[in-house]
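K.L.:
In my numbering, the protein residues as written are 2 to 317.
One structure, as structure tokens, below. Some questions next.
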Amino acid sequence: MRPTGKLHLGHLTGALENWVAMQGEYQNYHLIADYHALTTNPDTTNIYENSIDMLIDWLAAGLDPEKSPMFRQSKIKEHTELHLIFSMLITAARLERNPTLKEQIRDLAMDNVVYGHLGYPVLQAADILLYKGDVVPVGEDQLPHIEITREIARRFNSQYSVVFPEPEGKITKFARLPGLDGKRMSKSVGNTILLSDTPEAIIKKLRTAVTDPQKVRKGDPGRPDICLVFAYHNKFNHSEVPEIREGCESGKLGCVDCKMNCAKRIIEALAPNREKRAYYEAHMDEVKNILENGEQRARTIAEQTMTEVHEAMKLG
Ligand code: SF4
2 MRPTGKLHLG HLTGALENWV AMQGEYQNYH LIADYHALTT NPDTTNIYEN SIDMLIDWLA
62 AGLDPEKSPM FRQSKIKEHT ELHLIFSMLI TAARLERNPT LKEQIRDLAM DNVVYGHLGY
122 PVLQAADILL YKGDVVPVGE DQLPHIEITR EIARRFNSQY SVVFPEPEGK ITKFARLPGL
182 DGKRMSKSVG NTILLSDTPE AIIKKLRTAV TDPQKVRKGD PGRPDICLVF AYHNKFNHSE
242 VPEIREGCES GKLGCVDCKM NCAKRIIEAL APNREKRAYY EAHMDEVKNI LENGEQRART
302 IAEQTMTEVH EAMKLG
């Protein structure tokens, strides 16, 4: 995950809950992708603070540093070394065909594509294969990158000798939570509820949430399926969903009451996160130790893999 600062509800449902659930079943590695962050924003002024903020959100969501090392990409130099080797094993034409790259160029209205953007999936392949990752939890849009990783692993193994597994993408199934304006939840748009938001901030944000435009006042029948507040109820207040649907559709339920009920449920759901975040913020030395320890563990594995790579390539 790229360190863009404090995380929001979309990160919780789209990644963190899944990572926490996978902890008991897999040996997980969690990468703070600070080099990847530079592809869309070369400004590093807040990159350290953003990395620490994101790490605290991970810990507050329930990731266990004993089970799963958490580390910064820039602190394990083997990522860049393996990236270089891998960049010789894939053509520029193959990377230019990457559909994710095309989407990003369109979405970010990019005039100039930096080399790092083209090579993003190659660095990602190094991130995965350095730890011999065989399962990568991803959203569907990331599957093309896993395919590139598999191709690179195959190419390396046949060119030199077998070092790497061909990882599988494990699709994360979740209902995507819309932002407060009904569009994709994104920090750059400013339509998010942060995991670290105070109860007051959550109430204030919910008040501004866009609802069914046809439901102007209490008494008007609404359409819950097009309302983002209803999507939040579905996630955080599942037991009351039939009642809310009936109230909305019949007009008995007004949007103000519905939003305040929703805010209350989100506040309740995030209470353990808030409590853990407060703990870690008051114990920054512990957070830094977690990072240092994670980086030490990751480095040991990365060095071992690079020794195998050098042997396979007869660079010993
Ligand atoms: S009553 Fe609730 S679900 Fe219905 S439109 Fe208003 S906020 Fe949305």
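Ideal Cβ positions, reconstructed from N, Cα and C, are used throughout, including at glycine.
Quick caveat: nothing in here was measured; it's all calculated off a predicted structure.
(1) Going by C-alpha to C-alpha distance, which of 203, 241 and 16 sits closest to residue 55?
(2) Run the proximity test for residue 234: is its beta-carbon closer than 8 Å to any non-hydrogen atom belonging to the ligand SF4?
(3) Just mark residue 53 as buried or exposed, buried being the case when its beta carbon has 16 or more other beta carbons within 10 Å.
(4) With respect to the alpha helix (DSSP H) encompassing residue 165, which residues constitute its N-terminal and C-terminal limits?
(5) Here's a check: name, in chain order, each residue in its chain whose Cβ is nearer than 7 Å to the Cβ of residue 121, leaving out the five neighbours to either side.
(6) Can the beta-carbon of residue 207 be found closer than 9 Å to that of residue 264?
(7) Put residue 172 into one of helix, strand or coil per three-state DSSP.
(8) With a cut-off of 9 Å, does the C-beta of residue 312 fall near any C-beta of chain C?
(9) Name the residue from 12, 136 and 126 whose alpha carbon lies nearest to the alpha carbon of residue 153.
(10) Between the alpha carbons of residue 214 and residue 267, how many angstroms are there, rounded?
(11) Helix, strand or coil for residue 84? Go by DSSP, reduced to three states.
(12) Take residue 209 as the anchor and find which of 229, 311, 108 and 107 has the nearest alpha-carbon.
(13) For the ligand SF4, which residues count as neighbours when the test is a C-beta closer than 5 Å to any heavy atom?
(14) How about residue 100: is its Cβ closer than 8 Å to a heavy atom in the ligand FMN?
(15) Would you check if there are 3 or more beta carbon pairs closer than 8 Å linking the stretch 145-165 to the stretch 78-93?
(16) For residue 72, which beta-bridge partners are listed by DSSP?
(17) Take residue 227 and list the residues in its own chain whose beta-carbon comes closer than 7 Å to its own, dropping the five residues that flank it on each side.
(18) For residue 140, which of 24, 111, 172 and 22 has the nearest alpha-carbon?
(19) Leaving out five residues before and five after residue 169 in sequence, what residues of the same chain have Cβ atoms less than 6 Å from its Cβ?
(20) Measuring alpha carbon to alpha carbon, tell me which residue in 119, 10, 275 and 287 is nearest residue 61.
(21) Do the CB positions of residue 118 and residue 130 come within less than 9 Å of each other?
(22) Where does the unbroken beta strand (DSSP E) through residue 43 begin, and where does it stop?
(23) Under a three-way DSSP split, which group does residue 144 fall into?
(24) Between which two residues does the beta strand (DSSP E) harbouring residue 138 extend?
(25) What does the alpha-carbon distance come out to for the pair residue 66 and residue 295?
(26) Roughly how many angstroms lie between the CA atoms of residue 218 and residue 252, to the nearest whole one?
(27) Give me the residue from 192, 188, 96 and 86 with the minimum Cα distance to residue 316.
P.N.:
Short version:
(1) Of the candidates 203, 241 and 16, the one whose C-alpha sits nearest the C-alpha of residue 55 is 16.
(2) Correct: residue 234 has its Cβ closer than 8 Å to the ligand SF4.
(3) With 16 or more other Cβ atoms within 10 Å, it is buried.
(4) Per DSSP, residue 165 lies in no alpha helix (DSSP H) segment and is marked neither H nor E.
(5) Answer for residue 121: 37 and 40, listed in chain order.
(6) Yes.
(7) Correct three-state label for residue 172: strand.
(8) Note that chain C does not occur in the displayed structure, where there is just one protein chain.
(9) The shortest C-alpha separation from residue 153 is found at 126.
(10) Between residue 214 and residue 267, the alpha-carbon positions lie close to 23 Å from each other.
(11) DSSP places residue 84 in helix when its eight states are reduced to three.
(12) Residue 229 is the option with its Cα nearest to residue 209.
(13) Answer in sequence order: 212, 213, 216, 223, 225, 228, 230, 231, 249, 254, 256 and 259.
(14) Absent from the structure shown: the ligand FMN. Ligands present: the ligand SF4.
(15) Contact holds between the stretch 145-165 and the stretch 78-93, because three or more Cβ pairs, one in each stretch, are under 8 Å apart.
(16) Beta-bridge partners assigned by DSSP to residue 72: 32.
(17) If we look at residue 227 and ignore the five residues flanking it on each side, its Cβ neighbours are 213.
(18) Of the listed residues, the one whose Cα sits closest to residue 140 is 172.
(19) If we look at residue 169 and ignore the five residues flanking it on each side, its Cβ neighbours are 136.
(20) When the alpha-carbon of residue 61 is set against those of 119, 10, 275 and 287, the nearest one is in 275.
(21) Not in contact: residue 118 and residue 130 (Cβ atoms no closer than 9 Å).
(22) Premise fails: residue 43 is in no beta strand (DSSP E) and is neither H nor E.
(23) Looking at residue 144 - three-state DSSP - the assignment turns out to be helix.
(24) Where residue 138 is concerned, the enclosing beta strand (DSSP E) stretches over 136-139.
(25) About 7 Å.
(26) Approximately 9 Å between the Cα atoms of the pair.
(27) Comparing Cα positions, the closest option is 86.
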